[in-house]
Amino acid sequence: MNDALTRAWRASRPACSGGTVASYIPALAGADPSALGVAAVDAEGRVYEVGDARRRFTIQSISKVLSLAYVMTELGEEAVFSRVGKEPTGDPFNSIIRLETSAGRKPFNPLINAGAIVVSSLMPGDCPADKGERFRSYVGGLVGRPVVERDEEVYLSEKETAARNRSIAWFLKELGLLEGGVEDALDVYFRQCAVSMDAVDLARVGAILAMDGIDPVRGSRAMAARTARVCKSLMVTCGMYDGSGEFAVDVGVPAKSGVGGGIMAAVRDRLGLGVYGPALDERGNSAGGLAALRALSDELDLRVL
Ligand code: GLN
């Protein structure tokens, strides 16, 4: 396993130079574009890692899977899916267009910004700070820490500049889909996006999803099986934004990416995978991370699709 990881990592490093670090959130622009880390957790809970697998980064859109799992756990499936669909869009993650043009007038799925902001608005708590803290405790519970950290600089940087997400949230308010105020929902969303984790953490959560909710590191249930399955299904169809179809063909496993450079993947009954490479392709997916997952999928025959 270590050899496979190292080979995939080495073969994928050149792909990093084909990507660009996200800069629309100003604080992300300083990331090192040549960084690349790969981690795996297997069905026995063994951890494997190579390169920058312990470098922390903000999880950004990967948080959408975690907030979905969290809100499903706290409030049930119906609370989410009465307001958000389960269908892919084929549009970029921050697209607003279908909110107006689709017949259902609700976000297509929880893994695009529109759907994720609705889910954020549902989180339990007294105020955005409290909601954000409870969410971080939930995620901490999945990765074996009391709480996961938030990157304050990235959080504030996005909060100050998010004109597109504000437009989406105001539109959602008009459609009657937000619980509470617009700025509060956005604040919770920015807080969850700025949670910082490393590739090993992502592999741990990926392994919980892979095992249908059992944490192989601790040998106990961390999430309801149904929750894990819903998350994985949506990851297959919507997890890699408008690159989800190509990813399903090339790699063939459920995965979720974020513009911080992370990708989390779950290989049924076998592995959780986490990769980090902040140089992104034109769709906002980690260029080096994609290359590493393609290489690993080929080498270890990971395709489940
Ligand atoms: N916080 C980011 C945004 O809303 C997350 C996007 C992403 O990772 N694709 O733009």
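Heads up: the sequence shown at position 271 corresponds to 553 in the working numbering, and the numbers run straight through without jumps.
Where a beta carbon is used, it is the ideal one built from N, C-alpha and C, also for glycine.
Keep in mind that this is a model prediction, so the values were computed, not measured.
Classify residue i as helix, strand or coil using the three-state DSSP reduction.
i, result
"E369", "coil"
"E360", "helix"
"L459", "coil"
"Y306", "coil"
"S299", "coil"
"V535", "coil"
"V487", "helix"
"G333", "strand"
"A311", "coil"
"L348", "helix"
"D551", "coil"
"E431", "strand"
"A506", "coil"
"F417", "helix"
"F375", "coil"
"A492", "helix"
"L381", "helix"
"G327", "coil"
Measuring only between beta-carbons, confirm whether residue i sits less than 9 Å from chain C.
i, result
"G300", "Annotation note: the requested chain C is absent from the structure, which comprises a single protein chain."
Could you tell me the distance, in whole angstroms, from the CA atom of residue i to the CA atom of residue j?
i, j, result
"E434", "R416", "16 Å"
"R453", "D563", "Note that residue 453 is Phe in the sequence shown here, rather than Arg. Cα to Cα, F453 sits roughly 28 Å from D563."
"L587", "F339", "29 Å"
"A467", "V477", "16 Å"
"A317", "E326", "28 Å"
"K368", "F390", "6 Å"
"R365", "D373", "19 Å"
"Y306", "N376", "12 Å"
"L584", "A548", "10 Å"
"L381", "L572", "29 Å"
"G358", "T509", "9 Å"
"A451", "T288", "42 Å"
"E360", "S384", "21 Å"
"A411", "P308", "22 Å"
"T355", "G534", "27 Å"
Could you check whether the Cβ of residue i sits closer than 8 Å to any heavy atom belonging to ligand 1?
i, result
"C520", "no"
"F472", "yes"
"G446", "Looking at the sequence itself, residue 446 is Arg, so the reference to Gly does not match. R446 Cβ: within cutoff of ligand 1."
"A306", "The sequence given here has Tyr at residue 306, not Ala. Answer for Y306: yes, Cβ within range of ligand 1."
"F363", "no"
"N376", "yes"
"G367", "no"
"N395", "yes"
"S349", "no"
"G525", "no"
"G566", "yes"
"E435", "no"
"E440", "yes"
"S449", "no"
"S539", "yes"
"S343", "yes"
"C298", "no"
"G542", "yes"
"C513", "no"
"C409", "no"
Do residue j and residue i come within 9 Å of each other at the CB atom, strictly closer than that value?
i, j, result
"C475", "E440", "yes"
"P536", "V518", "yes"
"L310", "G570", "no"
"G397", "L491", "no"
"M505", "A351", "yes"
"L393", "K346", "yes"
"V512", "V329", "no"
"Y420", "L348", "yes"
"R565", "D524", "yes"
"D497", "A507", "no"
"V464", "G414", "no"
"V362", "L459", "no"
"A577", "S568", "no"
"A304", "A574", "no"
"G540", "S343", "yes"
"R446", "I341", "no"
"R387", "Y437", "no"
"C520", "P370", "yes"
"V332", "N284", "yes"
"R432", "R448", "no"
"E528", "A286", "no"
"M479", "G423", "no"
"S299", "P315", "yes"
task: May I ask you to verify whether the segment 310-328 touches the segment 478-487, counting CB pairs closer than 8 Å and requiring at least 3?
output: yes
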